[in-house]
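To get this note's numbering, take the position in the sequence shown, counting from 1, and add 88.
First comes the structure, then the notes that go with it.
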Amino acid sequence: MQKKFLALLICLLLLPVSAWAQGEWNIDLTVPVNPHLLALTAPAETLGEEYEPHNLHQISSKQPGVKLTVSRANLLCEDALDSLYAMLADAQQAGLTIYVRQAYRSYADEARRYQLTGEGPEPGKSSYQTGYSVTLVNETYKKGDIGADFAQSPEGVWLMDNCHLYGFILRYPAGREEVTGHACEPWHFRYVGKDIAAALKENGLSLEDFRLAYDAAEQVGVYVDPDATPTPPPTPTPAPTPTPTPLPEGVILLEETGADGDFEFDFDYFLPLTPAP
């Protein structure tokens, strides 16, 4: 996928044209989009052996709320990492303990994994190769259990309710299996940025749904250069202030206008005051 940044302007009622999705949704975004955040790593769109993110950083267990299940390196792209730290710190403040089980896996890692087990995604088809996916679990991992029950756990519920606030989505949500082509994984979170995550959360969409809208919008030309200066809306011309006509002697013009925009008169002052005899 070409490395580029585009400003996505979608304010359309999009009708899905694929069997991926049913119904209608409204996406209203004005946000710079990094296409790397939208990589699907699906059979129709794989990552090559040479694909490797350039801004990977080690996840540090010294950060508040960050616990690792293994001591080996866990890497994540920098923008996702900063958001992960914020999310886990807030989860800790909420009284929850969440562990990072795995993050970035290279093409070679996936190849070895697939060769040894014959299970899991084939090389180039893993979201973890993007550097934006992370597996988050609770203490039940110590029993070898990170199954579907995680979705009903306090940690899983909190993550589902709040992850979009930090730019994360559940990569493979329940109910969207026909769209994603993947079983639900309630522990698998993917960073896409706060604006996109909020749009997906609001509309109950998967990343595949969003890509369908994104690609369709690109074809009709709704993208603009993020460096371009938008044309400001025209400044409305204020209505001219009414010019009062000359008044008869003794009439006072008040410093206010009525609903019609004309100056008001006070007729109580029409007669000039005369000294008492």
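Just so it is clear, CB atoms sit at the ideal spot from N, CA and C, and this is done for glycine as well.
By how many angstroms is the C-alpha of residue j removed from the C-alpha of residue i?
i	j	result
V312	E166	Residue placement at V312 is flagged as unreliable, the pLDDT there being 34, under the threshold of 50; the coordinate-derived value follows with that caveat. When rounded, the distance between both Cα atoms is 26 Å.
L393	L247	The chain is shown only over 89 to 365; residue 393 falls outside these bounds and no answer can be derived.
A304	D283	19 Å
L288	P274	16 Å
G263	A286	18 Å
P242	L204	34 Å
G193	E210	Before going further, note that residue 193 is Arg rather than Gly in the sequence given. About 12 Å.
H142	A132	24 Å
F127	L293	In the sequence on display, residue 127 carries Ala and not Phe. Near 16 Å, if we compare the C-alpha coordinates of L293 and A127.
I234	E265	19 Å
Y229	L176	17 Å
G208	C272	13 Å
A199	A182	39 Å
L258	S214	15 Å
K231	G244	17 Å
Q151	G206	36 Å
G212	Q240	31 Å
Y139	V158	25 Å
D197	N122	25 Å
L300	R160	37 Å
H252	A236	20 Å
Hey, residue i and residue j are a contact pair by Cβ (cut 8 Å); roughly how many whole angstroms apart?
i	j	result
R278	F256	7 Å
I381	N162	Nothing about residue 381 can be read from this structure; the chain reaches only from 89 to 365.
F238	N226	7 Å
A130	G269	6 Å
L164	V222	6 Å
If we call anything under 7 Å between Cβ atoms a contact, is residue i one with residue j?
i	j	result
E137	Y195	yes
A191	G153	no
V188	L156	yes
V267	E296	yes
A168	Y202	no
L135	G281	no
S171	Y254	yes
H276	Y260	yes
Entirely within the segment 250 to 313 and at least 4 residues each: give me those alpha helix (DSSP H) ranges in chain order. 265 to 268, 282 to 291, 295 to 307
At 3 residues or longer, and completely inside the segment 106 to 189: list those beta strand (DSSP E) runs for me, N to C. 113 to 121, 144 to 146, 163 to 165
Could you name each continuous beta strand (DSSP E) segment of 3 residues or more that falls completely within the segment 180 to 251, going from the start of the chain to the end? 187 to 190, 221 to 225
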